[in-house]
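Everything below concerns the one structure shown next.
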Amino acid sequence: MSIEAHIEQHLGLSIINKQSVSTGLFSAYQVTLSNGNTVFVKYQSHPNQQLINEGRELALLGRTIHTPTVLGSCEHCLILEWIDTTQNANMQSQMGLALANLHQNTGDYFGFEFDNKIGKTPQPDGVGQNIDN
């Protein structure tokens with residue numbers, strides 16, 4: 002299925018304009034929709050869970066710091082709110098502070114609800130394992 006078909010399936014809108022943006026492992030686009038809104042889309046032709054998990058991670062992070070709203074995700078694409086970083090000259094400083102504050106949290110256990118990846122590197126998570134082990 003094409004990126005256009007995925008967007009139409011998830012959002013019920015068509016693409017007016019699609020511009021490639023620089024990214025790492027996936028194809029990424031700034032997309033203007035038929036309703037005039039702009040979204041960020043990560044796309045991969047080979048299905049896997051990585052973009053679904055990334056959407057879940059962003060939603061969880063969004064409880065603490067501002068992250069793009071997840072508008073849709075599947076094994077091929079992740080559709081996010083477009084954040085115009087040119088509107089805020091202090092955005093990188095604010096994000097750094099928010100991440101530093103987030104990392105001040107501690108817990109008795111490490112791990113996450115599901116395995117994920119950092120880039121291509123698998124990050125298996127042992128939910129409930131004691132940090133001292």
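Residue numbers (the working numbering): 2 to 134.
Note that CB positions come from ideal geometry on N, CA and C, so glycine has one too.
Bear in mind that the values here come from a model prediction, so they are computed numbers and not experimental data.
>> My parser needs the alpha helix (DSSP H) runs of 4 or more residues fully inside the stretch 34-104; what are they?
In response: Runs of the alpha helix (DSSP H) inside the stretch 34-104: 51-62, 92-103.
>> Among the candidates ALA101, VAL22, ASN49, whose CA atom is the shortest distance from the CA of ASP116?
In response: ASN49
> Taking the alpha-carbon positions, what's the ASN54 to ILE8 distance?
Replying inline: 18 Å
> What span of residues does the alpha helix (DSSP H) with GLU200 cover, start to end?
Replying inline: Here the chain comprises residues numbered 2 to 134, so residue 200 is not present and cannot be evaluated.
>> Tell me the DSSP secondary structure of THR122 in three-state form.
In response: strand
> What residues in its chain sit with their C-beta under 7 Å from that of GLN124, if we drop five residues either side in the sequence?
Replying inline: ASP116, ASN117, LYS118
>> Pull the bridge partners of SER21 from the DSSP assignment, please.
In response: TYR30
> What residues in its chain sit with their C-beta under 8 Å from that of LEU72, if we drop five residues either side in the sequence?
Replying inline: HIS11, LEU12, VAL40, ILE80, LEU81, GLU82
> Would you report the Cα separation of TYR110 and GLU5, rounded to the nearest angstrom?
Replying inline: 42 Å
> For ASN117, which of helix, strand or coil comes out of DSSP?
Replying inline: strand
> To which residues of the same chain is LEU14 closer than 6 Å at the C-beta, ignoring the five residues directly before and after it?
Replying inline: LEU34, SER35, ASN36
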